[in-house]
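Protein sequences, first through last, are from chains A, B, C and D.
Convert by adding 423 to the 1-based position in the first sequence; the result is the number in the numbering used here.
Convert by adding 423 to the 1-based position in the second sequence; the result is the number in the numbering used here.
Convert by adding 423 to the 1-based position in the third sequence; the result is the number in the numbering used here.
Convert by adding 423 to the 1-based position in the fourth sequence; the result is the number in the numbering used here.
Backbone N, C-alpha and C fix where the C-beta goes; we use that ideal spot for every residue, glycine too.
Reviewing the structure listed below.
Protein chains: 4
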Amino acid sequence: MPLDALKSAVLEANLDTVRHGLVKATFGNASGIDRETGRIVIKPSGVPYPEMTPQYMVLTDLDGAALDNRFRPSSDLDTHVALYRAFPQIGGIVHTHSTYATIMAQARRPIPPLGTTHADYFRGTIPVTRDLTAEEITTRYVAATGSVIAETVGDRDPLAIPAVLVAGHGPFVWGRDPAEAVMNAMILEEVAKMAWHGAVLDRQPPAISDALLDRHFLRKHGANATYGQ
Amino acid sequence: MPLDALKSAVLEANLDTVRHGLVKATFGNASGIDRETGRIVIKPSGVPYPEMTPQYMVLTDLDGAALDNRFRPSSDLDTHVALYRAFPQIGGIVHTHSTYATIMAQARRPIPPLGTTHADYFRGTIPVTRDLTAEEITTRYVAATGSVIAETVGDRDPLAIPAVLVAGHGPFVWGRDPAEAVMNAMILEEVAKMAWHGAVLDRQPPAISDALLDRHFLRKHGANATYGQ
Amino acid sequence: MPLDALKSAVLEANLDTVRHGLVKATFGNASGIDRETGRIVIKPSGVPYPEMTPQYMVLTDLDGAALDNRFRPSSDLDTHVALYRAFPQIGGIVHTHSTYATIMAQARRPIPPLGTTHADYFRGTIPVTRDLTAEEITTRYVAATGSVIAETVGDRDPLAIPAVLVAGHGPFVWGRDPAEAVMNAMILEEVAKMAWHGAVLDRQPPAISDALLDRHFLRKHGANATYGQ
Amino acid sequence: MPLDALKSAVLEANLDTVRHGLVKATFGNASGIDRETGRIVIKPSGVPYPEMTPQYMVLTDLDGAALDNRFRPSSDLDTHVALYRAFPQIGGIVHTHSTYATIMAQARRPIPPLGTTHADYFRGTIPVTRDLTAEEITTRYVAATGSVIAETVGDRDPLAIPAVLVAGHGPFVWGRDPAEAVMNAMILEEVAKMAWHGAVLDRQPPAISDALLDRHFLRKHGANATYGQ
Numbered sequence: 424m425p426l427d428a429l430k431s432a433v434l435e436a437n438l439d440t441v442r443h444g445l446v447k448a449t450f451g452n453a454s455g456i457d458r459e460t461g462r463i464v465i466k467p468s469g470v471p472y473p474e475m476t477p478q479y480m481v482l483t484d485l486d487g488a489a490l491d492n493r494f495r496p497s498s499d500l501d502t503h504v505a506l507y508r509a510f511p512q513i514g515g516i517v518h519t520h521s522t523y524a525t526i527m528a529q530a531r532r533p534i535p536p537l538g539t540t541h542a543d544y545f546r547g548t549i550p551v552t553r554d555l556t557a558e559e560i561t562t563r564y565v566a567a568t569g570s571v572i573a574e575t576v577g578d579r580d581p582l583a584i585p586a587v588l589v590a591g592h593g594p595f596v597w598g599r600d601p602a603e604a605v606m607n608a609m610i611l612e613e614v615a616k617m618a619w620h621g622a623v624l625d626r627q628p629p630a631i632s633d634a635l636l637d638r639h640f641l642r643k644h645g646a647n648a649t650y651g652q
Numbered sequence: 424m425p426l427d428a429l430k431s432a433v434l435e436a437n438l439d440t441v442r443h444g445l446v447k448a449t450f451g452n453a454s455g456i457d458r459e460t461g462r463i464v465i466k467p468s469g470v471p472y473p474e475m476t477p478q479y480m481v482l483t484d485l486d487g488a489a490l491d492n493r494f495r496p497s498s499d500l501d502t503h504v505a506l507y508r509a510f511p512q513i514g515g516i517v518h519t520h521s522t523y524a525t526i527m528a529q530a531r532r533p534i535p536p537l538g539t540t541h542a543d544y545f546r547g548t549i550p551v552t553r554d555l556t557a558e559e560i561t562t563r564y565v566a567a568t569g570s571v572i573a574e575t576v577g578d579r580d581p582l583a584i585p586a587v588l589v590a591g592h593g594p595f596v597w598g599r600d601p602a603e604a605v606m607n608a609m610i611l612e613e614v615a616k617m618a619w620h621g622a623v624l625d626r627q628p629p630a631i632s633d634a635l636l637d638r639h640f641l642r643k644h645g646a647n648a649t650y651g652q
Numbered sequence: 424m425p426l427d428a429l430k431s432a433v434l435e436a437n438l439d440t441v442r443h444g445l446v447k448a449t450f451g452n453a454s455g456i457d458r459e460t461g462r463i464v465i466k467p468s469g470v471p472y473p474e475m476t477p478q479y480m481v482l483t484d485l486d487g488a489a490l491d492n493r494f495r496p497s498s499d500l501d502t503h504v505a506l507y508r509a510f511p512q513i514g515g516i517v518h519t520h521s522t523y524a525t526i527m528a529q530a531r532r533p534i535p536p537l538g539t540t541h542a543d544y545f546r547g548t549i550p551v552t553r554d555l556t557a558e559e560i561t562t563r564y565v566a567a568t569g570s571v572i573a574e575t576v577g578d579r580d581p582l583a584i585p586a587v588l589v590a591g592h593g594p595f596v597w598g599r600d601p602a603e604a605v606m607n608a609m610i611l612e613e614v615a616k617m618a619w620h621g622a623v624l625d626r627q628p629p630a631i632s633d634a635l636l637d638r639h640f641l642r643k644h645g646a647n648a649t650y651g652q
Numbered sequence: 424m425p426l427d428a429l430k431s432a433v434l435e436a437n438l439d440t441v442r443h444g445l446v447k448a449t450f451g452n453a454s455g456i457d458r459e460t461g462r463i464v465i466k467p468s469g470v471p472y473p474e475m476t477p478q479y480m481v482l483t484d485l486d487g488a489a490l491d492n493r494f495r496p497s498s499d500l501d502t503h504v505a506l507y508r509a510f511p512q513i514g515g516i517v518h519t520h521s522t523y524a525t526i527m528a529q530a531r532r533p534i535p536p537l538g539t540t541h542a543d544y545f546r547g548t549i550p551v552t553r554d555l556t557a558e559e560i561t562t563r564y565v566a567a568t569g570s571v572i573a574e575t576v577g578d579r580d581p582l583a584i585p586a587v588l589v590a591g592h593g594p595f596v597w598g599r600d601p602a603e604a605v606m607n608a609m610i611l612e613e614v615a616k617m618a619w620h621g622a623v624l625d626r627q628p629p630a631i632s633d634a635l636l637d638r639h640f641l642r643k644h645g646a647n648a649t650y651g652q
């Protein structure tokens with residue numbers, strides 16, 4: 424993907440997080456990667472959304488080293504770098520503090536598959552990380568956040584459950600490209616909202632069957648997907 | 424109804440589900456039927472809402488067989504077909520994953536008539552289907568969803584309670600035409616929202632009396648309706 | 424007040440209920456009265472809000488008898504008439520099914536003064552009516568709704584607590600003119616929302632003191648009001 | 424800061440409270456101070472937001488005495504004066520009745536640091552004042568509201584926890600200037616919303632560690648802040 428196209432895609436992904444109500448103030452950031460060259464494009468730190476143009480997007484290599492020097496990258500860059508290294512299948516990452524996903528992250532509540540809205544995008548329970556240790560927080564906080572997400576995913580396919588809730592923080596979400604990561608972040612917020620409401624109504628809301636989970640997930644994903652034109 | 428008018432009505436119904444906040448992403452679909460010719464018009468699968476025009480709407484017969492070949496129909500077509508066959512009184516169907524109706528569908532909670540907002544549009548409790556069996560899910564999922572809805576309605580008048588919550592999925596809603604189906608879907612979301620809030624406050628919120636239920640429903644429906652100009 | 428001005432004020436009050444999110448579909452209605460001539464102006468029944476102009480507003484006398492014959496009045500006219508007769512101090516009435524006020528009406532929960540937002544507009548608990556009897560519902564439903572509201576207010580000053588929740592139905596709200604009734608309906612929805620959230624958190628949320636209640640209410644109302652320019 | 428710039432900043436702060444949904448009707452007010460001259464600029468009382476221009480802003484000295492006579496100041500002026508006197512570090516104050524912050528103020532619930540959204544702006548629990556006594560309410564209500572806030576902050580740094588919930592009333596929030604006060608009020612509403620949802624799910628939701636609290640707060644505040652360009 425040409426660098427200009429990637430910068431535009433990352434800018435659009437960042438703006439879409441605001442348009443969909445997932446990001447307030449300057450919380451949140453989106454990035455994308457060109458796997459051929461190993462170049463990452465990420466939001467700059469603390470720039471108001473209305474002012475951003477593709478030229479504000481920051482370019483780094485796969486170690487997170489800046490390849491241009493105009494703007495400082497998002498303060499969460501090292502988390503993105505860790506995820507791109509851990510998950511070679513992914514091409515875009517979105518981090519938000521969207522309300523209900525964050526409520527569940529703060530409550531350390533995994534989100535089970537309660538319905539087909541969930542199953543259309545996530546093939547199973549969306550997990551919560553363990554808490555970071557004080558040592559991790561003080562010595563290598565941002566990179567450790569990436570490590571603990573990778574540790575939580577373990578050897579599962581990161582594209583089958585493309586989100587993790589970081590305990591006491593909020594969601595990191597990914598996809599094959601930045602636009603898919605935004606879509607997954609939007610669906611995550613909706614299923615988190617429904618999961619919170621379900622948990623208040625019934626302490627143990629019923630999960631859907633594996634048959635229904637697979638039926639919906641595989642309708643939209645994988646070799647036998649039938650959804651769309 | 425001329426085919427062009429039906430396509431426009433179905434397009435508007437689909438767009439209205441988005442305008443009223445009942446549908447996010449490409450979840451949801453609306454259809455209509457011309458009973459004289461037995462032709463069904465339904466949303467295409469996976470086309471972004473802003474791009475849709477009447478020409479994108481897909482035409483099928485009452486077996487769900489495509490009558491034109493431009494676009495693939497909504498992946499829920501077979502549910503719509505089953506409902507049009509089971510309920511000859513209805514002329515439009517809307518399926519959404521609207522937030523509160525879906526929360527109640529996931530919790531397997533029927534929605535009792537707690538107030539006159541409900542009674543103006545639904546003459547009694549809005550029911551939830553049983554769960555589909557693994558065999559139904561794996562062999563004939565979409566059509567079985569229609570069958571289980573029809574099984575849930577039983578021999579009641581489908582226009583007296585024009586919605587069913589599909590367990591672990593979301594609402595299917597209908598009406599005499601696509602526009603009425605959308606209106607019923609909007610009211611369903613509102614009464615589901617109020618029912619959730621009522622159930623959190625009181626485990627057994629009080630239903631209104633049959634006298635009040637009938638007074639409101641019959642003011643707007645049937646031979647003795649007095650509402651409107 | 425000239426009739427044209429009253430019709431415009433009533434139209435604006437009706438449109439404001441939609442703008443403030445208090446009314447969906449065609450639920451809800453607002454009216455005003457000219458006390459000198461005893462003429463009532465009220466919303467027509469079942470006309471979509473975008474189509475309404477002042478000419479659509481319906482004129483009646485204090486018995487609810489139509490003084491013009493173009494449009495049928497709101498189906499709740501007889502409730503408005505009963506309230507104008509019972510409360511000579513009031514000049515405007517608004518009825519909505521606004522979400523949280525309706526949730527509290529369905530739950531038969533009075534709204535105690537939990538904070539100064541409430542105290543600025545309501546000098547005490549907002550009450551809920553008793554349920555109507557089956558006989559009242561079947562023989563004189565709309566007028567009986569007005570009677571039971573008046574019965575609930577009793578000999579209190581209707582302008583000190585300008586709203587009542589009708590059990591299983593929703594709020595009726597009033598003021599010295601239609602615009603004030605809309606403002607009171609908007610504040611009612613907000614205090615109902617906060618009361619619901621308070622009741623979920625604590626079964627018996629603490630009411631504010633009479634000293635604070637009076638301090639706030641009397642800052643905005645009565646002979647010694649100091650608020651505004 | 425020139426007086427015209429301060430008036431514009433205070434006007435913008437007031438309008439932003441409405442734009443961000445923190446203020447309904449004419450509830451709420453924002454002010455700013457020029458510390459060199461000791462002049463305070465505050466919203467006028469009871470003027471509709473759409474009509475306000477910089478010329479409507481009211482100028483007072485540090486005793487709250489009017490320095491011009493065109494408009495009456497916000498009825499909460501004496502609270503602002505008390506806070507500017509108690510906290511020399513602050514340059515702007517915002518008062519709102521924003522929904523969730525007010526719900527927590529009514530419930531007398533302090534807001535603990537449940538996540539990093541909170542920690543980015545508040546270095547610890549956001550406290551609730553004691554109730555005012557009847558004597559305070561009847562003799563010096565508005566100034567006493569300021570005193571009880573200062574009493575609640577005690578000898579803590581007011582810029583480390585730039586908000587207090589006034590029991591039975593709502594939040595007062597501040598910052599180094601009016602714009603920062605608005606931002607803090609917006610974040611407060613979001614963390615109050617998440618705290619309410621957390622408390623409903625778990626009676627005692629877990630607070631984040633001091634290490635994480637400091638890591639996030641100090642990334643954005645103080646001599647070693649690294650956030651932004």
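| said: Pairs of beta-carbons, one from the segment 551-560 of chain A and one from the segment 482-493 of chain A, closer than 8 Å: are there three or more? | reply: no
| task | Let me know the secondary structure DSSP gives residue 439 of chain D once reduced to three states. | result | As a working note, residue 439 of chain D is residue 16 in the fourth sequence. Residue 439 of chain D: helix per DSSP, three-state reduction.
| Cβ distance (whole Å) where residue 595 of chain A is taken to contact residue 540 of chain D below 8 Å | Taking the first sequence and counting its residues from 1, the one referred to as residue 595 of chain A is at position 172. Taking the fourth sequence and counting its residues from 1, the one referred to as residue 540 of chain D is at position 117. At roughly 15 Å, the Cβ-Cβ gap does not stay under 8 Å, so residue 595 of chain A and residue 540 of chain D are not in contact.
| Neighbour-count burial assignment, residue 458 of chain C, 16 or more Cβ in a 10 Å radius | Here residue 458 of chain C corresponds to residue number 35 of the third sequence, with the count starting at 1. Classification of residue 458 of chain C: exposed, given that the 10 Å Cβ count is below 16.
| message | Counting only Cβ-Cβ distances shorter than 9 Å, please list the residues of the segment 460-471 of chain D near chain C, keeping chain order. | response | 467, 468, 469 and 470
| Between residue 575 of chain A and the rest of its own chain, which residues show a CB-CB distance below 8 Å, the 5 nearest in sequence each way excluded? | Start at 1 with the first residue of the first sequence, and residue 575 of chain A comes out as number 152. Same-chain partners within the cutoff: 550, 551, 552, 553 and 587.
| Applying the criterion that 16 or more other CB atoms from any shown protein chain within 10 Å of the CB defines a buried residue, is residue 484 of chain A buried or exposed? | Within the first sequence, the letter at position 61 stands for residue 484 of chain A. Result: exposed.
| message | Whole angstroms are fine: how far does the CA of residue 649 of chain A sit from the CA of residue 516 of chain A? | response | Locating residue 516 of chain A in the first sequence gives position 93, where the first residue counts as 1. Locating residue 649 of chain A in the first sequence gives position 226, where the first residue counts as 1. Answer to the nearest angstrom: the Cα atoms are 26 Å apart.
| Where the beta strand (DSSP E) through residue 452 of chain C begins and ends | Here residue 452 of chain C corresponds to residue number 29 of the third sequence, with the count starting at 1. That run of the beta strand (DSSP E) goes 452-457.
| Under the DSSP definition of a beta bridge, which residues are partnered with residue 515 of chain A? | Within the first sequence, numbered from 1, the residue matching residue 515 of chain A stands at position 92. DSSP, once it has assigned bridges, lists A:455 and A:598 as partnering residue 515 of chain A.
| request: Spatial neighbours of residue 445 of chain B within its chain, please: CB distance less than 7 Å, with the 5 preceding and 5 following residues excluded, ordered by chain position. | output: The residue you call residue 445 of chain B lines up with position 22 of the second sequence. Within the same chain, residue 445 of chain B has close Cβ partners 451, 519, 521, 608, 609 and 612.
| Are any of the Cβ atoms in chain F nearer than 8 Å to that of residue 642 of chain D? | No chain F is present in this structure, whose protein chains are A, B, C and D.
| Grouping DSSP H, G and I as helix and E and B as strand, with all else coil, what is residue 621 of chain B? | One-based indexing of the second sequence puts residue 621 of chain B at position 198. Helix, per DSSP.
| message | Going by the DSSP bridge assignment, what does residue 467 of chain C pair with across the sheet? | response | On the third sequence, position 44 is the one that residue 467 of chain C refers to. Partner(s): C:496.
| Using Cβ-Cβ distances below 7 Å, what residues of the segment 474-485 of chain C are close to chain D? | So nothing in the stretch comes that close.
| query | Hey, how far is the Cα of residue 577 of chain A from the Cα of residue 593 of chain A? | reply | By one-based count along the first sequence, residue 577 of chain A stands at place 154. By one-based count along the first sequence, residue 593 of chain A stands at place 170. So the alpha carbons of these two residues sit roughly 19 Å apart.
| task | Quick one: grab the DSSP three-state call for residue 641 of chain A. | result | Position 218 of the first sequence, counted from the start, is the residue given in the question as residue 641 of chain A. DSSP places residue 641 of chain A in helix when its eight states are reduced to three.
| message | On a Cα-Cα basis, can you pick out the residue from B:633, B:474, B:486 and B:623 that is closest to residue 548 of chain B? | response | Here the question's residue 548 of chain B lines up with position 125 in the second sequence. Of the candidates B:633, B:474, B:486 and B:623, the one whose C-alpha sits nearest the C-alpha of residue 548 of chain B is B:633.
| field | Test item: CB-CB of residue 512 of chain A and residue 582 of chain A under 8 Å | value | On the first sequence, position 89 is the one that residue 512 of chain A refers to. On the first sequence, position 159 is the one that residue 582 of chain A refers to. Yes; because the gap between Cβ atoms is below 8 Å, this pair is in contact.
| message | Can you list, in chain order, the residues of its chain with a C-beta nearer than 8 Å to that of residue 647 of chain A? Leave out the 5 residues immediately preceding and following it. | response | Your numbering for residue 647 of chain A matches position 224 in the first sequence. Correct list, in chain order: 641.
| Within chain C, partners of residue 604 of chain D - CB distance below 8 Å | Reading the fourth sequence from its first residue, position 181 is the one you call residue 604 of chain D. None at all; the shortest Cβ gap to chain C is about 20 Å.
| query | Can you list the residues of chain A that residue 624 of chain D reaches, using a CB-CB cut of under 8 Å? | reply | By 1-based counting over the fourth sequence, the position of residue 624 of chain D is 201. What residue 624 of chain D touches in chain A: 526, 530, 532, 619, 622 and 623.
| 6 Å CB neighbourhood of residue 498 of chain B in its chain, flanking five on each side removed | The count along the second sequence starts at 1 and reaches residue 498 of chain B at position 75. Cβ within range, chain order: 468.
| request: Consider the Cβ of residue 450 of chain D: report whether some Cβ of chain C lies at a distance smaller than 8 Å. | output: Position 27 of the fourth sequence, counted from the start, is the residue given in the question as residue 450 of chain D. Judged by the 8 Å Cβ criterion, residue 450 of chain D is in contact with chain C.
| said: Taking the alpha-carbon of residue 584 of chain D as reference, which of D:473, D:599, D:523 and D:487 has the nearest alpha-carbon? | reply: The residue you call residue 584 of chain D lines up with position 161 of the fourth sequence. Closest option to residue 584 of chain D, Cα to Cα, is D:599.
| Distance CB(residue 629 of chain A)-CB(residue 532 of chain B) smaller than 8 Å | By one-based count along the first sequence, residue 629 of chain A stands at place 206. By one-based count along the second sequence, residue 532 of chain B stands at place 109. No, the pair does not count as a contact, with Cβ atoms beyond the cut-off.
| request: Could you list which residues in chain C have their beta carbon closer than 7 Å to that of residue 497 of chain B, in chain order? | output: Here residue 497 of chain B refers to the residue found at position 74 of the second sequence. Going along chain C, no residue has its Cβ under 7 Å from residue 497 of chain B, so there is no contact; the nearest lies around 26 Å.
| message | Any beta carbon from chain B within less than 8 Å of residue 548 of chain C's own beta carbon? | response | Counting from 1 along the third sequence, the entry for residue 548 of chain C is found at position 125. With 8 Å as the cut-off, residue 548 of chain C does not count as an interface residue toward chain B.
| query | Between the C-alpha atoms of residue 440 of chain D and residue 601 of chain D, what's the straight-line distance to the nearest angstrom? | reply | Counting from one through the fourth sequence, the residue named residue 440 of chain D turns up at place 17. Counting from one through the fourth sequence, the residue named residue 601 of chain D turns up at place 178. Between the alpha carbons of residue 440 of chain D and residue 601 of chain D lies a gap of roughly 11 Å.
| query | Taking a cut of 8 Å between CB atoms, which residues from the segment 555-578 of chain A lie near chain D? | reply | 555, 557, 560, 561 and 564
| request: Pick helix, strand or coil for residue 445 of chain B, following the three-state DSSP scheme. | output: Against the second sequence, residue 445 of chain B aligns to sequence position 22. Residue state, collapsed to three classes: coil.
| request: Closer than 8 Å, Cβ to Cβ, to anything on chain C: give me those residues from the segment 583-597 of chain D, in chain order. | output: Flagged, chain order: 591, 592 and 593.
| field | C-beta neighbour in chain B for residue 552 of chain C, strict 8 Å | value | For the purposes of this step, residue 552 of chain C is identified with residue 129 of the third sequence, where counting begins at 1. Closer than 8 Å: no.
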